[in-house]
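Worksheet: one structure, shown below.
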Amino acid sequence: MEVKREIDKGRPVYKITSTTRSNKFISMFYPVNDVVETYMDVMNLYPYRFRSRQQEGSYASDKEILFDREKKTATFINHQAGVERHTSEVSPIVQDPLSVVYFFRTLPAEVGKDIQVEVFDGGKNWTLVIQVLKREKLWTPAGTFNTIKIKALIKYEGLFVNKGDVLVWFTDDTSRMPVMMESKIKIGHITAMLIEKKSGNNSR
């Protein structure tokens, strides 16, 4: 995952990119090549645009969501199906499947209490339930961190094709930086860990 501060159509935004690629061995029987991007307003952290290009095994998709915050609508574009599109009404505070990971970082989290966030995945509006499980010390290649472990109960298509529970560990401080994530896929599960922390405008 990488975060950059950019200007998108005259607006200052955070461009968040999640890239997932399988190694040579896994690619022989289940190739994975996913690039998911979201553009979030730097002030209120609501997304303006979301793009997901995914190839996982035999599954392939290319989807985009354009949010109109004034009209409270979201236009879903399926580029894989000949630029098929439709527009839906959405909540003024709705997130997309990637931006919600970073939006959660701004919310107060208390162990034992659930948090609900509205998410639009292109096909439907969902209420994402986030369970705050416990505090835990965690080792990663980027260092050892005191973390908050959460479980996201996902009913929509997220960073990976499969719907289901996703575990995420955030640092237990004001930055609430994601340092590890576990998610199930068709052939098992994926663990993503923080390998480097950069200072300045960019981080990953």
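Start counting the sequence shown at -14; every next residue gets the next number (this note's numbering).
Each residue gets a CB set at the ideal place from its N, CA and C atoms; glycine is no exception.
Beta-bridge partners of L138 (DSSP): V114 and D150. By the CB criterion at 9 Å, A127 and M178 fall inside the cutoff. Between the beta-carbon of V(-2) and that of E(-9) there is about 6 Å, and that keeps the pair under the 8 Å contact cut. Between P32 and Q80, the C-beta spacing is below 9 Å. Within the same chain, and ignoring the five residues on either side of V86 in sequence, no residue has its Cβ closer than 6 Å to its Cβ. Annotation for F10: no beta strand (DSSP E) segment contains it, though the alpha helix (DSSP H) segment containing it runs K9 to S12.
With distances taken between CA atoms, K136 lies nearest to D99 out of F105, I78 and D99. According to DSSP, I180 shares a beta bridge with no other residue. A check of alpha carbon separations from K122 across T159, K134 and T112 identifies K134 as the nearest. Per DSSP, the continuous beta strand (DSSP E) segment holding V102 begins and ends at D99 to F105. Around the beta-carbon of M13, fewer than 16 other beta-carbon atoms lie within 10 Å, marking it exposed. Each residue's CA atom was taken as its position, placing K9 and D26 some 37 Å apart. A check of alpha carbon separations from M162 across I175, P16, D150 and N131 identifies N131 as the nearest.
The C-beta distance from L92 to V104 rounds to 14 Å, too long to meet the 8 Å contact threshold. Secondary structure of T91 (DSSP, three-state): helix. Following the DSSP letters along the chain, one finds R38 inside the beta strand (DSSP E) bounded by residues P32 to E41. Distance from the CA of G97 to the CA of R120, rounded to the nearest whole angstrom, comes to 11 Å. Going by C-alpha positions, D157 is about 33 Å away from E41.
For A45, the enclosing beta strand (DSSP E) has its first and last residue at Y44 to D53.
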